[in-house]
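Residue numbers (full-length UniProt numbering): 1 to 281.
The structure under discussion appears below in the form of structure tokens.
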């Protein structure tokens with residue numbers, strides 16, 4: 001017996017810990033049939049809760065939300081760790097569809113990006129003509145700028161904007177947080193820096209970030225379209241519940257939820273519907 005135990009322990013340790021699946025942030029609906037969805041801000045802000053509860057009430061299912069940015073969401077979908085995603089990373093989405101492991105691509109809505117910062121505007125970006133020009137001014141002034149740095153849709157848009165500006169950001173002024181939208185926005189407020197936030201998060205959180213103002217907006221390149229995608233195997237959706245949820249979000253009822261979400265609490269909607277978003281596809 002003494003010889004068996006050390007051998008068993010050695011084999012157990014060599015095998016390593018069991019791999020855990022993605023952590024479920026919240027679940028919506030009565031169940032019992034589950035499906036999983038990865039997304040960032042729509043979950044953080046509460047839109048996914050309303051959509052999930054409405055769909056699951058009629059479909060008798062449970063939606064498990066995994067909190068992840070667009071890059072991580074796409075990675076989990078490819079690995080089969082989630083049934084569907086809501087993302088805003090057009091180039092990566094097109095690649096996923098072309099490779100065949102993602103399907104059901106459906107435009108569901110949009111918001112836009114704002115560049116916010118301290119009222120003093122040390123980089124003078126209120127005079128910028130484009131988002132790239134605003135970024136160029138920030139780099140020239142070496143004014144503190146916060147980046148999520150997490151391969152999210154926001155980070156991808158930021159990276160594209162730096163490329164348009166002809167700038168490779170580096171130095172003490174360029175702060176990478178590896179945090180989600182709301183957390184990074186609040187850090188920019190606390191440390192008087194610039195940040196590119198989506199308009200939905202700004203509307204929901206501006207009361208909590210009084211030191212920040214919208215200093216640049218309106219560039220068409222900053223319009224942010226959201227698509228839903230499902231995991232696909234053999235050319236078909238891997239989950240009927242996920243495909244059904246995507247159809248529900250695109251339906252009149254789902255779009256009504258999206259176009260009115262946030263009005264009661266904030267006086268204005270946090271997202272535009274798919275009909276509006278289509279203009280920027």
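C-beta atoms are modelled at their ideal positions from N, C-alpha and C, and glycine is treated no differently.
Computed from a predicted model, the values in this text were never measured in an experiment.
Strand pairing of residue i, partner residues [DSSP]
{"i": "residue 213", "result": "117"}
{"i": "residue 106", "result": "228"}
{"i": "residue 180", "result": "DSSP output for residue 180 lists no bridge partner at all."}
{"i": "residue 101", "result": "Paired residues: none, contrary to the question."}
{"i": "residue 187", "result": "In DSSP, residue 187 forms no bridge with anything."}
{"i": "residue 62", "result": "34"}
{"i": "residue 237", "result": "232"}
{"i": "residue 170", "result": "DSSP, once it has assigned bridges, lists no residue as partnering residue 170."}
{"i": "residue 248", "result": "In the DSSP output, where bridge partners are listed per residue, residue 248 has none listed."}
{"i": "residue 253", "result": "Paired residue(s): none; residue 253 is not in a bridge."}
{"i": "residue 67", "result": "39"}
Beta-carbon proximity list for residue i, same chain, < 8 Å, skipping 5 on both sides
{"i": "residue 22", "result": "36, 38, 66, 68, 76, 81, 82"}
{"i": "residue 122", "result": "141, 143"}
{"i": "residue 148", "result": "69, 154, 155, 158, 176, 177, 178, 179, 180, 181, 184"}
{"i": "residue 97", "result": "103, 105, 229"}
Chain-order list of residues whose beta-carbon lies under 7 Å from that of residue i (same chain, five-residue window excluded)
{"i": "residue 248", "result": "55, 254"}
{"i": "residue 313", "result": "The first residue shown for the chain is 1 and the last is 281, placing residue 313 beyond what the model contains."}
{"i": "residue 307", "result": "Since the first and last residues shown for the chain are 1 and 281, residue 307 lies out of range."}
{"i": "residue 107", "result": "225, 227, 274, 277, 278, 281"}
{"i": "residue 52", "result": "28, 29, 63"}
{"i": "residue 261", "result": "47, 50, 269, 270, 271"}
{"i": "residue 257", "result": "50, 51, 54"}
{"i": "residue 223", "result": "110, 112, 280"}
{"i": "residue 59", "result": "241, 244"}
{"i": "residue 152", "result": "40, 69, 70, 71"}
{"i": "residue 132", "result": "161, 164, 165"}
{"i": "residue 130", "result": "219"}
Helix, strand or coil at residue i according to DSSP, with G and I counted as helix
{"i": "residue 2", "result": "Unreliable positioning characterises residue 2 in this predicted model, as indicated by a pLDDT of 44, which lies under 50. The coordinate reading is nonetheless provided below. Note: residue 2 maps to coil in three-state DSSP."}
{"i": "residue 208", "result": "helix"}
{"i": "residue 154", "result": "helix"}
{"i": "residue 38", "result": "strand"}
{"i": "residue 203", "result": "helix"}
{"i": "residue 73", "result": "helix"}
{"i": "residue 273", "result": "coil"}
{"i": "residue 24", "result": "coil"}
{"i": "residue 129", "result": "coil"}
{"i": "residue 44", "result": "helix"}
{"i": "residue 197", "result": "strand"}
{"i": "residue 89", "result": "coil"}
{"i": "residue 82", "result": "coil"}
{"i": "residue 11", "result": "Note that residue 11 scores 39 on pLDDT, short of 50, meaning its location in the model is unreliable; the coordinates nonetheless yield the value given after this. Residue state, collapsed to three classes: helix."}
{"i": "residue 53", "result": "helix"}
{"i": "residue 221", "result": "helix"}
{"i": "residue 163", "result": "helix"}
Environment of residue i [buried if 16+ CB atoms lie within 10 Å]
{"i": "residue 119", "result": "exposed"}
{"i": "residue 24", "result": "exposed"}
{"i": "residue 200", "result": "buried"}
{"i": "residue 264", "result": "exposed"}
{"i": "residue 170", "result": "exposed"}
{"i": "residue 137", "result": "buried"}
{"i": "residue 42", "result": "buried"}
{"i": "residue 32", "result": "exposed"}
{"i": "residue 197", "result": "buried"}
{"i": "residue 139", "result": "buried"}
{"i": "residue 40", "result": "buried"}
{"i": "residue 234", "result": "exposed"}
{"i": "residue 172", "result": "exposed"}
{"i": "residue 232", "result": "buried"}
{"i": "residue 239", "result": "buried"}
{"i": "residue 57", "result": "exposed"}
{"i": "residue 99", "result": "exposed"}
{"i": "residue 251", "result": "exposed"}
Test: residue i CB closer than 8 Å to a CB of chain C
{"i": "residue 31", "result": "Reference to chain C is not applicable here, since this structure consists of a single protein chain."}
Own chain, CB closer than 6 Å to residue i, minus 5 neighbours either side, in chain order
{"i": "residue 192", "result": "118"}
{"i": "residue 204", "result": "45"}
{"i": "residue 216", "result": "115, 125, 128, 134"}
{"i": "residue 202", "result": "114"}
Residue i CB to nearest heavy atom of the ligand GTP below 7 Å
{"i": "residue 71", "result": "As presented, the structure is devoid of all ligands, the ligand GTP included, so that no description of it is given."}
Would you call the stretch 147 to 159 and the stretch 78 to 97 touching, i.e. three or more CB-CB distances under 8 Å?
Taking 8 Å as the limit for Cβ pairs, the verdict is that the stretch 78 to 97 does touch the stretch 147 to 159.
Check whether the stretch 207 to 221 and the stretch 182 to 197 touch, using three or more Cβ-Cβ pairs below 8 Å as the test.
Enough Cβ pairs lie closer than 8 Å, so yes.
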